[in-house]
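To keep things clear, I will list the structure first and then write my remarks on it.
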Amino acid sequence: MNKEVLLNYFYRNKGKILGLIIGLVFSILTLTIGLFKTVFIVICTVLGYYIGNKIDNNEDVIELLQRIMPNEWK
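Residue numbers for the sequence shown follow my numbering, beginning at 950 and rising by one.
Next comes the structure, spelled out in structure tokens:
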């Protein structure tokens, strides 16, 4: 199969392929380590992505953390 044809197929169907990979990884993690541990990993990953996105956009992460943390922690 031609490399250009394969790359073109991936670009046209990147949402389907990404969804397939995410579903496969989630199901393997669920079967091997359990549902709650898998959900915890997903939550930590999403939170890390969110904070990393804030850093990449030069937004103030400290201000975000101060809004989230209770007043006793400030």
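Cβ coordinates follow ideal geometry from the N, Cα and C atoms, glycine included.
#### Entry: Rounded separation between F989 and F975 - CA only
12 Å
### Message
Just verifying my parser: in three-state terms, what is the DSSP assignment at G964?
### Response
helix
### Message
Helix, strand or coil for E1008? Go by DSSP, reduced to three states.
### Response
coil
### Message
Just verifying my parser: in three-state terms, what is the DSSP assignment at V951?
### Response
First, the residue type needs correcting, since residue 951 is Asn and not Val in the sequence shown. In this structure, N951 counts as coil in the three-state DSSP scheme.
### Presumed contact (8 Å Cβ cut-off) between I966 and F959, rounded CB distance
6 Å
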